[in-house]
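Colleague: Below is one structure. I have some questions about it.
There are 2 protein chains.
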Amino acid sequence: MNDKLLELDKRKAFILATVVYEYINTAEPVGSVTLTQKYNLGVSSATIRNEMAELEAGGYLVQPHTSAGRVPSDAGYRTYVDRLMAPETLTKDDSRRIRDQFREASTELADVIDQTTRLLSGLSGNLAMAIAPSRDTHAFKHVQLIWLSARTSLAIVVTSGGVAAQRVFEWSTDVNADDLTRLSNALNSRFGGRVMEDIGATEIDAVSAELGVSAEIGDAVRTVFATARATDEPEIAAAGAQNLLDQPEFHDLRKLRAILRIVEEQRTLYDLIADELTAESASTPDGAPHVRIGHELRADELAECSVVTVPYRFGDRGVGMLAILGPRRMPYGRLIALASGTARSLGEHLNDVEIR
Amino acid sequence: MNDKLLELDKRKAFILATVVYEYINTAEPVGSVTLTQKYNLGVSSATIRNEMAELEAGGYLVQPHTSAGRVPSDAGYRTYVDRLMAPETLTKDDSRRIRDQFREASTELADVIDQTTRLLSGLSGNLAMAIAPSRDTHAFKHVQLIWLSARTSLAIVVTSGGVAAQRVFEWSTDVNADDLTRLSNALNSRFGGRVMEDIGATEIDAVSAELGVSAEIGDAVRTVFATARATDEPEIAAAGAQNLLDQPEFHDLRKLRAILRIVEEQRTLYDLIADELTAESASTPDGAPHVRIGHELRADELAECSVVTVPYRFGDRGVGMLAILGPRRMPYGRLIALASGTARSLGEHLNDVEIR
DNA sequence: GTTGGCAGTCCGCCAGACAGAGTGCCAGGC
DNA sequence: GCCTGGCACTCTGTCTGGCGGACTGCCAAC
Chain D
0 MNDKLLELDK RKAFILATVV YEYINTAEPV GSVTLTQKYN LGVSSATIRN EMAELEAGGY
60 LVQPHTSAGR VPSDAGYRTY VDRLMAPETL TKDDSRRIRD QFREASTELA DVIDQTTRLL
120 SGLSGNLAMA IAPSRDTHAF KHVQLIWLSA RTSLAIVVTS GGVAAQRVFE WSTDVNADDL
180 TRLSNALNSR FGGRVMEDIG ATEIDAVSAE LGVSAEIGDA VRTVFATARA TDEPEIAAAG
240 AQNLLDQPEF HDLRKLRAIL RIVEEQRTLY DLIADELTAE SASTPDGAPH VRIGHELRAD
300 ELAECSVVTV PYRFGDRGVG MLAILGPRRM PYGRLIALAS GTARSLGEHL NDVEIR
Chain Y
0 MNDKLLELDK RKAFILATVV YEYINTAEPV GSVTLTQKYN LGVSSATIRN EMAELEAGGY
60 LVQPHTSAGR VPSDAGYRTY VDRLMAPETL TKDDSRRIRD QFREASTELA DVIDQTTRLL
120 SGLSGNLAMA IAPSRDTHAF KHVQLIWLSA RTSLAIVVTS GGVAAQRVFE WSTDVNADDL
180 TRLSNALNSR FGGRVMEDIG ATEIDAVSAE LGVSAEIGDA VRTVFATARA TDEPEIAAAG
240 AQNLLDQPEF HDLRKLRAIL RIVEEQRTLY DLIADELTAE SASTPDGAPH VRIGHELRAD
300 ELAECSVVTV PYRFGDRGVG MLAILGPRRM PYGRLIALAS GTARSLGEHL NDVEIR
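Read top to bottom, the protein sequences are chains D and Y. Sequence positions in the first sequence follow numbering that gives the first Met the number 0 and run 0 to 355. Sequence positions in the second sequence follow numbering that gives the first Met the number 0 and run 0 to 355.
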């Protein structure tokens, strides 16, 4: 690949756009004759051949083998997406399906995320993914220890992100309802409004010690705070892997396997999208979709894939991410419109409905 | 397939067992010469040929085409599993890996289920699934409305299955902490110990009305009870679909697609296993693994698959199910041992750790 | 700068040949 | 009566060579 790309005159740009468009639709390498027959270019195939040879030298096209048509390179797709492609809007039908879906969507965050990936994979015909907003920076709001019976209690922690942890504890000795209430009140007044990650174990222990509660209860409180802060298991969902089987590029079992492995390894999948969450939310305008193509994904297994990502807002609870993964040969315009539209509806749904 | 199967004498039984064993290991149709060469049968290949012809007539073996070796039929596998196969126990290595896994497993039910499927798919080299115990028959234990601020409250319902619902509500007018406490106490004394599904909306409304709380709060209470009772989204997890790609029987993309679709359609997957949960938990000894082979699964897409299921106990909270899905040509003995061992460890883990 | 023409290249497909694996059957032996 | 070696037959998978099709690159002419 060239460091510096060839400048494109108007005709080259049109030819490149047409090659990409045709290849996306047919999955077959595009030849000069096909081009002149199907599109009104006003010149002969010989001229197209000359132009295509220059586009190949310039790094926009590649030839799978001598005497085959041309296929776009990463740079070819990139140029197409950034400068040549006509932006698309949602079709009426897609809009309706998205609206219908969210009208009866769940009120539980994990379920909504899950349903959204199903919707998006169905509409896009590709693999769809979603991650929930991270809870790194949530503020502590409330802790409550609730007396259930002499030997069992419920502890619950609420943050600005909603209920962050709850758990039933069993005690080896009887506990007193008043003690639990006093401890709850003390913790609330001490930590109210603080950011979760700043609330340390020693400080929690100090409060327990002040009130003279048993070691067992002190341990329980520390545990439930730790759980509320935990961010190691990000909420992530994926759906539609079987859609990829329809794409000729995945008829090769090795490639398919590599993709499936990535999808099941939630960690890799998360990193793939989360990169975008940190890097891009600062640099691009709010809510803009973003496309990464082939090697831009920095993973060999995904060298023939592209990913469309788009952030969604969850009120003041942070930013999540929707993503569509498919072959590089994907209908970028349509998928960008779909992802954006779905992200918008998802955000609205999350704000309208009280999500726990 | 024959209604009545041929009686098997000792030699036929041994030959059938050997054919199944060999086919499971090689994935190639088994011929008479292979059999005499690899196993000490004491007779010539011609004799084996005669026996195999009878086994085929009896419905235990089939021939993919003339002049190919034999392959077991559903009945052949069934006989092997029920009567011919030597039971296996967990290897030291597998035991250790299961133990290690649960030593550091999560305390959250959904996560444990998820991690268990990953473990089991990794060990078995097949697709693993798990469903959590249903919460149909849980008993109501406690409800608490917690004052967070003048305009926000937290409602939480605890059942014998743990925390069944929690949700933050925002009010249009200020609410009073004492009102919330009084309502909580009234609900607790009214419903304590009852089975969740017997607690109706009208009865809940009656309590709210008695205490004269606002309609808004009344609605909230009804909503949170409804959520706690909801069983429509069964907790189900699956992992290891990519393992199936290694099996030659899934190199056919259509078959693979059908399987992947089933895995993503959680409903079908759930039905597949839940059948077993209701039908079998009554009829088979507690905790016994169960195998369903090919057409026994009553799904055309799964005609070439088998499923091993094994229930696990979650204390007094009901029974869940682990399952392994793979080609009929699966190492039944090993998978049964793995599933049983994992189910046992999972049950122990769920009882040891306080799961929320 | 553009074009038609032409030689050259590579792929995919098909038919035919062939080796390999396995069966069924039969006649002879224990 | 059961077992066995031998043999003819069948079917598969693979390999090969040939052929048509689809392109390209280049050149000479416009």
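Just so it is clear, CB atoms sit at the ideal spot from N, CA and C, and this is done for glycine as well. Just so you know, these numbers come straight off a predicted model, no measurement behind them.
Of the residues that make up the stretch 288-304 of chain D, which ones have a beta carbon closer than 8 Å to any beta carbon in chain Y?
Modeller: From the stretch 288-304 of chain D, no residue has a Cβ closer than 8 Å to chain Y.
Colleague: From residue 332(D) to residue 200(Y), what distance separates their C-alpha atoms?
Modeller: The count along the first sequence starts at 1 and reaches residue 332(D) at position 333. The count along the second sequence starts at 1 and reaches residue 200(Y) at position 201. The alpha-carbon atoms of residue 332(D) and residue 200(Y) are separated by roughly 48 Å.
Colleague: Thinking C-alpha only, which one of 225(Y), 349(Y), 78(Y) is nearest residue 317(Y)?
Modeller: For the purposes of this step, residue 317(Y) is identified with residue 318 of the second sequence, where counting begins at 1. Here the closest residue by C-alpha is 349(Y).
Colleague: From which residue to which residue does the beta strand (DSSP E) around residue 153(D) run?
Modeller: As a first step, residue 153(D) is located in the first sequence; it is residue number 154 there, counting from the start. Residue 153(D) -> beta strand (DSSP E) spans 151-158.
Colleague: Within 9 Å of any Cβ in chain Y, is that where the Cβ of residue 143(D) sits?
Modeller: In the first sequence, residue 143(D) corresponds to position 144, counting from 1. So yes, residue 143(D) belongs to the interface.
Colleague: Does the distance from the C-beta atom of residue 139(D) to that of residue 152(D) stay below 9 Å?
Modeller: Here residue 139(D) is taken as the residue at index 140 of the first sequence, counted from 1. Here residue 152(D) is taken as the residue at index 153 of the first sequence, counted from 1. Cβ distance not < 9 Å, so residue 139(D) and residue 152(D) don't count as in contact.
Colleague: Who are the Cβ neighbours of residue 12(D) in its own chain at under 7 Å, not counting the five residues just before and after it?
Modeller: Position 13 of the first sequence, counted from the start, is the residue given in the question as residue 12(D). Excluding positions up to five away in sequence, the list reads 83.
Colleague: Could you tell me which chain Y residues have their CB closer than 7 Å to the CB of residue 161(D), listed as they occur along the chain?
Modeller: As a first step, residue 161(D) is located in the first sequence; it is residue number 162 there, counting from the start. Under the 7 Å cutoff, chain Y gives 167.
Colleague: Check whether the Cβ atoms of residue 130(D) and residue 344(D) sit closer than 9 Å, and answer yes or no.
Modeller: Counting from one through the first sequence, the residue named residue 130(D) turns up at place 131. Counting from one through the first sequence, the residue named residue 344(D) turns up at place 345. Not a contact, by the Cβ cut-off of 9 Å.
Colleague: Compute the beta-carbon to beta-carbon distance between residue 48(D) and residue 31(D), rounded to the nearest angstrom, for a pair I have assumed lies under 8 Å.
Modeller: For the purposes of this step, residue 48(D) is identified with residue 49 of the first sequence, where counting begins at 1. For the purposes of this step, residue 31(D) is identified with residue 32 of the first sequence, where counting begins at 1. Indeed, because the Cβ distance is near 5 Å, the residues count as touching under 8 Å.
Colleague: If you measure beta-carbon to beta-carbon, which residues of the stretch 250-264 of chain Y are closer than 7 Å to chain D?
Modeller: The residues in question are 250, 252, 255, 256, 259, 260, 263.
Colleague: Verify the CB distance criterion: does residue 194(Y) have a CB-CB separation below 9 Å to chain D?
Modeller: Translated into positions along the second sequence, residue 194(Y) becomes position 195. So, not an interface residue.
Colleague: For residue 320(D), which residues does DSSP report across the bridge?
Modeller: Sequence index remark: in the first sequence, residue 320(D) carries index 321 (1-based). Looking at the DSSP assignment, residue 320(D) forms a beta bridge with 130(D), 310(D).
Colleague: Rounded to the nearest angstrom, what separates residue 142(Y) and residue 162(D) at their Cα positions?
Modeller: For the purposes of this step, residue 142(Y) is taken as residue 143 along the second sequence, with counting starting at 1. For the purposes of this step, residue 162(D) is taken as residue 163 along the first sequence, with counting starting at 1. Spanning the two alpha carbons is a distance of roughly 15 Å.
Colleague: Rounded to whole angstroms, what is the Cα-Cα separation between residue 299(Y) and residue 45(D)?
Modeller: Indexing the second sequence from 1 puts residue 299(Y) at position 300. Indexing the first sequence from 1 puts residue 45(D) at position 46. One C-alpha to the other measures close to 54 Å.
Colleague: So, under 8 Å CB-CB, residue 122(Y) and residue 99(Y) are touching, yes? Tell me the CB distance rounded to an integer number of Å.
Modeller: Counted from its first residue, the second sequence places residue 122(Y) at position 123. Counted from its first residue, the second sequence places residue 99(Y) at position 100. Their Cβ separation, rounded to whole angstroms, is 12 Å, which puts residue 122(Y) and residue 99(Y) out of contact at 8 Å.
Colleague: Do residue 320(Y) and residue 276(Y) come within 9 Å of each other at the CB atom, strictly closer than that value?
Modeller: As a position in the second sequence, residue 276(Y) is number 277, starting the count at 1. As a position in the second sequence, residue 320(Y) is number 321, starting the count at 1. Yes; because the gap between Cβ atoms is below 9 Å, this pair is in contact.
Colleague: Please determine whether the Cβ atom of residue 63(Y) lies at a distance below 8 Å from any heavy atom of the ligand MN.
Modeller: Here there are no bound small molecules, and the ligand MN is not part of this structure.
Colleague: Taking the beta carbon of residue 16(D) as the centre, do at least 16 other beta carbons fall within 10 Å, making it buried, or is it exposed?
Modeller: Sequence index remark: in the first sequence, residue 16(D) carries index 17 (1-based). So residue 16(D) ends up on the buried side.
Colleague: Determine whether the beta carbon atoms of residue 248(D) and residue 295(D) lie at a separation below 9 Å.
Modeller: To locate residue 248(D), count along the first sequence from 1; it is residue 249. To locate residue 295(D), count along the first sequence from 1; it is residue 296. Going by C-beta atoms, residue 248(D) is not nearer than 9 Å to residue 295(D).
Colleague: Please confirm whether residue 182(D) has its beta-carbon closer than 9 Å to some beta-carbon of chain Y.
Modeller: Walking along the first sequence from the start, residue 182(D) turns up at place 183. No, its Cβ sits nowhere closer than 9 Å to a Cβ of chain Y.
Colleague: Run the CB neighbour count on residue 335(Y), radius 10 Å, all protein chains shown included, and call it buried at 16 or more, exposed below.
Modeller: In the second sequence, counting from the first residue as 1, residue 335(Y) sits at position 336. With 16 or more other Cβ atoms within 10 Å, it is buried.
Colleague: Taking only the alpha-carbon atoms, compute the straight-line gap between residue 337(D) and residue 109(Y) and give it to the nearest angstrom.
Modeller: As a working mapping, residue 337(D) is identified with position 338 in the first sequence. As a working mapping, residue 109(Y) is identified with position 110 in the second sequence. The alpha-carbon atoms of residue 337(D) and residue 109(Y) are separated by roughly 30 Å.
Colleague: Hey, could you find the ends of the beta strand (DSSP E) residue 327(D) is sitting in?
Modeller: The count along the first sequence starts at 1 and reaches residue 327(D) at position 328. Residue 327(D) -> no beta strand (DSSP E), and no H or E assigned at all.
Colleague: Hey, how far is the Cα of residue 27(Y) from the Cα of residue 77(Y)?
Modeller: By one-based count along the second sequence, residue 27(Y) stands at place 28. By one-based count along the second sequence, residue 77(Y) stands at place 78. So the alpha carbons of these two residues sit roughly 19 Å apart.
Colleague: DSSP three-state call for residue 247(Y): helix, strand or coil?
Modeller: Within the second sequence, residue 247(Y) is the residue found at index 248, counting from 1. Note: residue 247(Y) maps to helix in three-state DSSP.
Colleague: Hey, could you find the ends of the beta strand (DSSP E) residue 52(D) is sitting in?
Modeller: By 1-based counting over the first sequence, the position of residue 52(D) is 53. From DSSP, residue 52(D) is part of no beta strand (DSSP E) but of the alpha helix (DSSP H) over 44-56.
Colleague: Nearest chain Y C-beta to residue 239(D) closer than 9 Å, yes or no?
Modeller: Taking the first residue of the first sequence as position 1, residue 239(D) is located at position 240. For residue 239(D), the answer is yes, since a Cβ of chain Y falls inside 9 Å of its Cβ.
Colleague: Less than 9 Å between the C-beta atoms of residue 7(D) and residue 125(D), yes or no?
Modeller: For the purposes of this step, residue 7(D) is identified with residue 8 of the first sequence, where counting begins at 1. For the purposes of this step, residue 125(D) is identified with residue 126 of the first sequence, where counting begins at 1. Cβ distance not < 9 Å, so residue 7(D) and residue 125(D) don't count as in contact.
Colleague: Could you check where the alpha helix (DSSP H) with residue 264(Y) kicks off and where it finishes?
Modeller: Residue 264(Y) sits at position 265 when you count from the first residue of the second sequence. Element bounds for residue 264(Y): n/a, residue is neither H nor E.
Colleague: Is there a C-beta anywhere in chain Y that falls below 9 Å from the one on residue 109(D)?
Modeller: Residue 109(D) sits at position 110 when you count from the first residue of the first sequence. Yes, its Cβ sits closer than 9 Å to a Cβ of chain Y.
Colleague: Hey, would you say residue 95(D) sits closer than 9 Å to residue 50(D), going by beta carbons?
Modeller: As a working mapping, residue 95(D) is identified with position 96 in the first sequence. As a working mapping, residue 50(D) is identified with position 51 in the first sequence. Contact flag unset, no.
Colleague: Report yes if the CB atom of residue 147(D) is closer than 9 Å to the CB atom of residue 181(D), and no otherwise.
Modeller: Position 148 of the first sequence, counting from 1, holds the residue named residue 147(D). Position 182 of the first sequence, counting from 1, holds the residue named residue 181(D). Not closer than 9 Å, so no.
Colleague: State the start and end residues of the unbroken alpha helix (DSSP H) segment that holds residue 240(Y).
Modeller: The residue labelled residue 240(Y) in the question sits at position 241 within the second sequence. That residue, residue 240(Y), is in no alpha helix (DSSP H); it is neither H nor E in DSSP.
Colleague: What residues of chain Y sit near residue 140(D), judged by a beta carbon separation below 7 Å?
Modeller: Numbered from its first residue, the first sequence carries residue 140(D) at position 141. Under the 7 Å cutoff, chain Y gives 147.
Colleague: Using the beta-carbon count (16 or more within 10 Å), is residue 150(D) buried or exposed?
Modeller: Translated into positions along the first sequence, residue 150(D) becomes position 151. When all chains shown are included, residue 150(D) counts as exposed.
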